[in-house]
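Here is the structure we will look at, set down as structure tokens.
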Amino acid sequence: MDWSGCQLIETKPGVQRGRPVVRGTRVTVEDSIIGNWEAGLDAPEIAELFPAVTIQQIEEILFYAAKHQVH
Numbered sequence: 117m118d119w120s121g122c123q124l125i126e127t128k129p130g131v132q133r134g135r136p137v138v139r140g141t142r143v144t145v146e147d148s149i150i151g152n153w154e155a156g157l158d159a160p161e162i163a164e165l166f167p168a169v170t171i172q173q174i175e176e177i178l179f180y181a182a183k184h185q186v187h
């Protein structure tokens, strides 16, 4: 997925091997946020696992992913 349009996401070569992360953290978007959501966790549960990310950020990332999902 192309995360370049989501301001909450950044990609840096030296952080998590260049995978997209929540800006200012090392929390990977696709594994940590999307993966846990797909496993059945909701935003508050994901936020408990990754305290560096807020519930609001998680909800915005999930909304962006749903809106830009490749069909």
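Sequential numbering of the sequence shown, starting at 117, is according to the working numbering.
All residues carry an ideal CB built from backbone N, CA and C; glycine is no exception.
Nothing here was measured: the structure is a model prediction, and the numbers come from that model.
A contact is defined here as three or more CB-CB pairs under 8 Å, and the segment 136-150 meets this definition with respect to the segment 168-179. Residue 142 is positioned such that its CB atom lies closer than 9 Å to that of residue 132. In this structure, residue 117 lies away from residue 172, with their beta-carbon atoms at least 9 Å apart. In the DSSP assignment, residue 160 falls within the unbroken alpha helix (DSSP H) covering 159-165. For residue 162 and residue 156, the gap between their C-alpha atoms comes out near 10 Å.
Taken through DSSP and simplified to helix, strand or coil, residue 137 comes out as strand.
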